[in-house]
Amino acid sequence: MEQTLPSHANFKLKSILVPLLAIIAGVFMVVLDNTAMNVALSTLATDFGTDLKTLQWVVTGYMLAQASVIPLSGWLSDRFGAKTVFLSAVVLFTVGSLLCATPNRAEWLIVFRVIQGLGGGCVLPVAMAYVYKLSPASKVGVVMGIMGIPVLFAPAIGPVLSGWLVEYHTWRLIFLINIPVGILCLAIGIFKLPKVERNPVAGIDKWGMILGPLAFASLSYGVSQGAESWSANKTIIGLVIGGVALIAFVIAELRTHTPLLELRIFRSVDFSAGIFVQWVGQFGLYGALFLLPQFLQQARGFGAFDTGLTLLPQAIASGLIMPIAGILFDRIGVRWLVVLGLSLVSGALFQYSHVDLTTESHQLIIPLIMCGAGMGMMTMPMNNHLLNKAPKPLINRVTSLTNSMQQVINSLAISTLVTLLTSRATFRGNEMKAAAAQAAQSAGDLTQAAAGSAEAMHQAAATALAKGFDDTFFIMMFVAMGGAVLGLLLRRNRPAKEKPQEAVQPMTSAESIRH
Numbered sequence: 093m094e095q096t097l098p099s100h101a102n103f104k105l106k107s108i109l110v111p112l113l114a115i116i117a118g119v120f121m122v123v124l125d126n127t128a129m130n131v132a133l134s135t136l137a138t139d140f141g142t143d144l145k146t147l148q149w150v151v152t153g154y155m156l157a158q159a160s161v162i163p164l165s166g167w168l169s170d171r172f173g174a175k176t177v178f179l180s181a182v183v184l185f186t187v188g189s190l191l192c193a194t195p196n197r198a199e200w201l202i203v204f205r206v207i208q209g210l211g212g213g214c215v216l217p218v219a220m221a222y223v224y225k226l227s228p229a230s231k232v233g234v235v236m237g238i239m240g241i242p243v244l245f246a247p248a249i250g251p252v253l254s255g256w257l258v259e260y261h262t263w264r265l266i267f268l269i270n271i272p273v274g275i276l277c278l279a280i281g282i283f284k285l286p287k288v289e290r291n292p293v294a295g296i297d298k299w300g301m302i303l304g305p306l307a308f309a310s311l312s313y314g315v316s317q318g319a320e321s322w323s324a325n326k327t328i329i330g331l332v333i334g335g336v337a338l339i340a341f342v343i344a345e346l347r348t349h350t351p352l353l354e355l356r357i358f359r360s361v362d363f364s365a366g367i368f369v370q371w372v373g374q375f376g377l378y379g380a381l382f383l384l385p386q387f388l389q390q391a392r393g394f395g396a397f398d399t400g401l402t403l404l405p406q407a408i409a410s411g412l413i414m415p416i417a418g419i420l421f422d423r424i425g426v427r428w429l430v431v432l433g434l435s436l437v438s439g440a441l442f443q444y445s446h447v448d449l450t451t452e453s454h455q456l457i458i459p460l461i462m463c464g465a466g467m468g469m470m471t472m473p474m475n476n477h478l479l480n481k482a483p484k485p486l487i488n489r490v491t492s493l494t495n496s497m498q499q500v501i502n503s504l505a506i507s508t509l510v511t512l513l514t515s516r517a518t519f520r521g522n523e524m525k526a527a528a529a530q531a532a533q534s535a536g537d538l539t540q541a542a543a544g545s546a547e548a549m550h551q552a553a554a555t556a557l558a559k560g561f562d563d564t565f566f567i568m569m570f571v572a573m574g575g576a577v578l579g580l581l582l583r584r585n586r587p588a589k590e591k592p593q594e595a596v597q598p599m600t601s602a603e604s605i606r607h
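Its first residue numbered 93, the sequence shown is counted upward by one per residue in the numbering used here.
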């Protein structure tokens, strides 16, 4: 039975709970897989008899496939309908998951992960636009807040679940658990997802379809490789190809009346300010989200399973706060949610900057809750704010645009943090060596500077690494604080009153901007 879009005039949340369940299920399994594989790479290297460098393409191939298809998702939704594209993406992801559980060679797993990524890349941007269209303007915050729970909760339980499966069962279950979730999503979606209004496509942006995926995939690859070395050939090649393709893409998009991604939306000062605040805030968030698990595993020696358990308070806090933040967004707008959210993240980063080799899990509970609450306050409200600044006919294209850029920003944040951490840990290590040598000379023991047990050297290296983490946390605290200050520039969205739906005539993106 084909579902119709609920009337916004008499909207009740329960009227979209079942369709929302289908969307949440699809988003959850895709986001879960974004973090689940990192834990299994060492086991895969043993099972396949290959090296970690080769297996890193299991993660990289998935990421590049997502980055290449995200720019296309908005056009596909306009051309074929959001329901068709969403369910097709879930089918492709589910089939890819089944295939990923079968290979006995690393090369085939990489190929199947690319298939999985092509499906997964469309799910989140299409889901965001879908949920936005299901909701009346006055209820966007609360509905998007509910949809955002899996976006923040899945990455936290990914390492816990995958660590448990790898340690006590088999890595193949990481993919097989997607099958029932995908089937559930499809079973509900086919019968209960309503067909939302589709925007007629006036033409095909051929150059955009070539240059967009090339630009965003190459840039994502280049900046991700920067975590190893910014001067390596593969990093430079990725950045050069991506940069040239991006320039050509921007020129092509601004010259056509039917662009793949509507870059003219940046003419809106509110949108441009919002996207800049989102980028800065994302850097600050990643200072906590990416670095703390690395500290627990590298400096404290936690396993993936224990690390995931330690981080659970953060996920729980995010899940509890996000629906509340959605309600507040509908009432007060985004400004103070971003300011308070990033202030909490700054406070958490300040406490993280005092961790050391004796820090236990229970000592991190309060900053973890602060970070989770801050993340829940700003993540989906910020996305809602950007969508509210876009003309209605361009919602599909805007979610593609923001998700494409977010993919690059996330990779850049991780690479920058790794570079900064390496630099600070090296500095701290050299500082400790110099202090030890000076102390030995002062004591008159000239051999002590060059001698020392292996255990003492290991302890010194671990201490230097921990101090490097402290320095990096402290620096990122100021980034988050900067994001909080910039959040004051955001203006409150005033939801427009719902108007009766009119027949949609084909129009170009440029016409939508003018309207």
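From the three backbone atoms N, C-alpha and C, an ideal C-beta is built for every residue, glycine too.
Of the residues assessed, Leu436 falls on the buried side of the cut-off, its CB having 16 or more other CB atoms within 10 angstroms.
Runs of the alpha helix (DSSP H) lying entirely within the segment 134 to 184, each at least 4 residues long, are 144 to 172 in chain order.
The residue from Thr176, Ala337, Ala128 with its alpha-carbon nearest to that of Met155 is Ala128. The DSSP assignment places no complete run of the beta strand (DSSP E) inside the segment 373 to 419 (cut-off: 3 residues). From the listed residues Glu320, Met414, Val369, the smallest Cα separation to Ile501 is found for Val369. Exclusion of the five residues before and after Trp299 leaves Ala344 as the residues of its chain whose Cβ lies within less than 7 Å of its Cβ. Counted as a single uninterrupted DSSP element, the alpha helix (DSSP H) harbouring Asn476 occupies residues 457 to 480. Distance from Ala221 to Asn488 at the Cβ level is roughly 5 Å; contact confirmed, criterion being Cβ atoms closer than 8 Å. Shortest Cα-Cα distance from Met569 to any of Gln443, Leu493, Leu581 involves Gln443.
Taking every protein chain shown into account, the CB of Pro272 has fewer than 16 other CB atoms within 10 angstroms, so this residue is exposed. Contact check for Gly211 against Phe397 fails: the beta carbons are separated by 8 Å or more. Rounded to whole angstroms, the gap between the alpha carbons of Gly376 and Ala505 is 9 Å. Where Val206 is concerned, the enclosing alpha helix (DSSP H) starts and stops at 198 to 226.
Within the segment 249 to 294, the runs of alpha helix (DSSP H) that reach at least 4 residues and sit entirely inside it are, in chain order, 265 to 268, 270 to 284.
Of the candidates Thr402, Gly314, Ala181, the residue whose Cα lies closest to the Cα of Gly250 is Thr402. Here DSSP, grouped into helix, strand and coil, assigns Glu345 to helix.
His261 sits exposed, since fewer than 16 C-beta atoms from the chains shown fall within 10 Å of its C-beta.
DSSP places Asp448 in the coil class of the three-state scheme, outside both helix and strand. The alpha-carbon separation between Glu259 and Leu253 amounts to approximately 10 Å.
Under the 8 Å Cβ criterion, the segment 557 to 569 counts as touching the segment 437 to 456, having at least three qualifying pairs.
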